[in-house]
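Note sheet for the following structure.
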Amino acid sequence: MKILLKMIIQWILTVVSIILISGLPALIMQKDFRLYVQKVKEVALWLYRAGDMTYFYKGREMPLFPEVLSPYFYSITILIISLLLAYVMAQLLTWVTLLLPTFLRKLIKNVLTFFESLPDLLVFALMQIFIVYFYKKTHILLSNVAAMGEQRIYIVPIVCLMILPTIYFYKMMVLLAEEESQKPYFEFGRAKGLKDVYVYLFHVTRNTHENLFHFSKTVLWFMISNLLLVEWIFNMNGITHYMYDDFRPEILAICLILIAVPFFVLYALLEWLLSRKMKEEVAL
Amino acid sequence: MIRSVKFWIGLSIILLLVTGSFIHTLFFDSYIRQQQIIYDNHHNVIGAAPFPPSLKFPLGTDKLGYDIGLKVLQGAKFTICFAVLIALLRVIISLFVAIPYAFYIRSSMRLWLEKLLSSFYYVPLTILAIFILTPILQNTVNGFLYSFPMRIILEVVILTVLVVPLISVMIGNMMAALMKEEFVEGAKVLGASKWRIFHKHLLPHLVPKMLIVFTQQCVQVLIIFIHLGYFKLFFGGSFIDFNQMAPDPPRSLSNEWSGLIGNYYIEIFTHPFVAIGPIIMFAIVIYAFNLITEGMQTHYSQNKQILKKGKKNKKATLQQQPTIEKTENKFTFIDQKGA
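Encoded structure:
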């Protein structure tokens, strides 16, 4: 019960900070603090009756609400699938890497530093160029490089979104596992005659999970920024179009809140599970 | 002196680009080659701009025949210097915010503040920056809202302030963790003031960590510059041409890199090298900063290991340093008494 109350308070704080932020452009444009307060009040009122919200599409005013939901679910599906895929891919790669000899691991880490430095826009640009080049050479269109109207593309944006997060997770996992393998329990496991693979798979992985959980928030933060770029580059009809097309604070606020909802719930759930597991372990 | 090859490689790449850029401005007056058409010996046209990368034009030329390599060189000083400036401001301001956070706020309060700030994880910086900076950086039909220096100041301030809460909590937590160490307890028992604990005991441990946070922030700022560039928000403002007949592309301050990205990205399918060139330069600079970070990390962790080993083996050379420090402390102690 206490945890639930905590979550609700945290959610209210999140919404309040989003509302406060969305009023900022008014403050900068009009250079008047009273106007900012007024704008913030307006945004809060709009959120209260979000059902009546409208947006402008090619000069016409349309109701926002049932309209925005389908692009919203589209964006969220892409985000969640790519986050999960990135995590799973990185975990598999890490297990393979840990079994390699030390000098190879060192090499891999150096290569990863290089890949980590690639700007996201470069990855997307190379992806576009590669698909077009491949099509020119073989006449096989791997995937549409841009969506038209209501058309939905999944593969390309998911691959684009997951490449860099995979690399971030991969590097973090390797570093954490190596740190973990310095600890006494690792040696103890080996002394007992357990195979390295077994210790890595069952003990090290479990012990690094908590750190990775906190790290994944940063990755998610990065991915939401990237979503904006990906949706623009591939002309996808996702939620960020509503944010960018119609530049009113109330639209920004509602879109940010919509994006935050599923991840907030997901992380609250995971945190609750983690804390419960910790308690169990302490009790044991 | 930092003993790490990676560190020096990274640092020299960045210094090379910045000094090169300044030399280009000071001694060559920011001259940018332009070649629209290539002729052979018989004055027959054999090629027209844009030219692909070659020995003469390492990054190729754009549609108007301007050398992209020189444009990038000219813009390097703005992009890199302002990225470093913003990162520096972020770290310094966060440090000042972190001091009261670590010293005067109870740990239960700290947990709450941290919870509040974790809502920032759902509001990505790029979207916020685009949203807040658009009225500042893009001109309307009536011109800009702010003057040129004001635009730069505002952009620097906004890109700094938006991140300060997150970084100061991070630094504050580092400081709070250090405060629990035994040597701080010892200093407290001996009656050290808060200021003394901060600058004699915490600061020496914090400085290396701050340096690493600083280079990481440089990378973050560069990434924001790329995103802003793609959305045509250039550093110092984008001059949009409202001419109905033949509008020019948005222009930026002296070929600063995010401007180059914004202007050239449209050509991704027709002339990929034109669009990719500036982004690759960003990649190189980010890689250089990452090398510096890694170099410093290995350097400082090795230092720690040497000290630990020194304690165990009681090696004379390593043992000398603490004794010197001790005698120094004695002198200052007497000095203070005399004063």
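As they're listed, the protein sequences go chains P and Y.
Under my numbering, the first residue of the first sequence is numbered 1, with each subsequent residue one higher.
Under my numbering, the first residue of the second sequence is numbered 285, with each subsequent residue one higher.
A virtual CB, placed ideally from N, CA and C, is assigned to each residue, including glycine.
What is the rounded straight-line gap between the Cα of residue i and the Cα of residue j?
| i | j | result |
| --- | --- | --- |
| residue 340 of chain Y | residue 365 of chain Y | 28 Å |
| residue 478 of chain Y | residue 455 of chain Y | 17 Å |
| residue 442 of chain Y | residue 435 of chain Y | 10 Å |
| residue 288 of chain Y | residue 571 of chain Y | 16 Å |
| residue 471 of chain Y | residue 164 of chain P | 45 Å |
| residue 34 of chain P | residue 233 of chain P | 38 Å |
| residue 390 of chain Y | residue 110 of chain P | 41 Å |
| residue 485 of chain Y | residue 112 of chain P | 36 Å |
| residue 157 of chain P | residue 71 of chain P | 14 Å |
| residue 12 of chain P | residue 397 of chain Y | 14 Å |
| residue 74 of chain P | residue 489 of chain Y | 47 Å |
| residue 602 of chain Y | residue 373 of chain Y | Low confidence applies here, because residue 602 of chain Y scores a pLDDT of 40, under 50, leaving its location unreliable; read the following figure in that light. Approximately 36 Å between the Cα atoms of the pair. |
| residue 154 of chain P | residue 83 of chain P | 14 Å |
| residue 388 of chain Y | residue 382 of chain Y | 10 Å |
| residue 368 of chain Y | residue 316 of chain Y | 26 Å |
| residue 212 of chain P | residue 202 of chain P | 16 Å |
| residue 230 of chain P | residue 142 of chain P | 17 Å |
| residue 551 of chain Y | residue 558 of chain Y | 7 Å |
Does any residue of chain Y bring its CB to less than 7 Å from the CB of residue i?
| i | result |
| --- | --- |
| residue 14 of chain P | yes |
| residue 228 of chain P | yes |
| residue 225 of chain P | yes |
| residue 113 of chain P | yes |
| residue 172 of chain P | no |
| residue 78 of chain P | no |
| residue 129 of chain P | yes |
| residue 125 of chain P | yes |
| residue 29 of chain P | yes |
| residue 272 of chain P | no |
Do we get a CB-CB distance below 7 Å when we pair residue i with the residues of chain P?
| i | result |
| --- | --- |
| residue 407 of chain Y | yes |
| residue 514 of chain Y | yes |
| residue 400 of chain Y | yes |
| residue 297 of chain Y | no |
| residue 574 of chain Y | yes |
| residue 603 of chain Y | Any reading at residue 603 of chain Y must be qualified, since the residue scores a pLDDT of 40, below 50, and its modelled position is unreliable; no value is offered. |
| residue 410 of chain Y | yes |
| residue 367 of chain Y | no |
| residue 526 of chain Y | no |
| residue 477 of chain Y | no |
| residue 419 of chain Y | yes |
| residue 571 of chain Y | yes |
Mark residue i as exposed unless 16 or more other C-beta atoms lie within 10 angstroms of its C-beta, in which case mark it buried.
| i | result |
| --- | --- |
| residue 151 of chain P | exposed |
| residue 279 of chain P | exposed |
| residue 433 of chain Y | exposed |
| residue 5 of chain P | exposed |
| residue 363 of chain Y | buried |
| residue 393 of chain Y | exposed |
| residue 94 of chain P | buried |
| residue 290 of chain Y | buried |
| residue 424 of chain Y | exposed |
| residue 32 of chain P | exposed |
| residue 606 of chain Y | Below a pLDDT of 50, predicted positions are generally treated as unreliable, and residue 606 of chain Y, at 41, falls in that range; no measurement from the model is reported. |
| residue 285 of chain Y | exposed |
| residue 562 of chain Y | buried |
If distances are taken between C-alpha atoms only, which option among the options comes closest to residue i?
| i | options | result |
| --- | --- | --- |
| residue 413 of chain Y | Y:518, Y:580, Y:300 | Y:518 |
| residue 495 of chain Y | Y:377, Y:581, Y:566, Y:523 | Y:581 |
| residue 144 of chain P | P:40, P:235, P:116, P:189 | P:235 |
| residue 318 of chain Y | Y:327, Y:307, Y:349, Y:304 | Y:349 |
| residue 297 of chain Y | Y:583, Y:585, Y:576, Y:587 | Y:576 |
| residue 55 of chain P | P:261, P:244, P:265 | P:244 |
| residue 274 of chain P | P:214, P:262, P:251 | P:214 |
| residue 509 of chain Y | P:138, P:176, P:119 | P:119 |
| residue 38 of chain P | P:167, P:20, P:114 | P:20 |
Could you check whether the Cβ of residue i sits closer than 6 Å to any heavy atom belonging to the ligand MN?
| i | result |
| --- | --- |
| residue 267 of chain P | This structure lacks the ligand MN; in fact it carries no ligand of any kind. |
*Can you give, in chain order, each stretch of the alpha helix (DSSP H) that sits fully within the region 125 to 154 of chain P and has at least 4 residues?*
none
*Which ranges would you report for the alpha helix (DSSP H) in the region 457 to 517 of chain Y if only whole runs of at least 4 residues count?*
466 to 473, 487 to 514
_In chain order, each alpha helix (DSSP H) run of at least 4 residues that lies wholly inside the region 381 to 417 of chain Y_ = 391 to 401
*Can you give, in chain order, each stretch of the beta strand (DSSP E) that sits fully within the region 83 to 115 of chain P and has at least 3 residues?*
none
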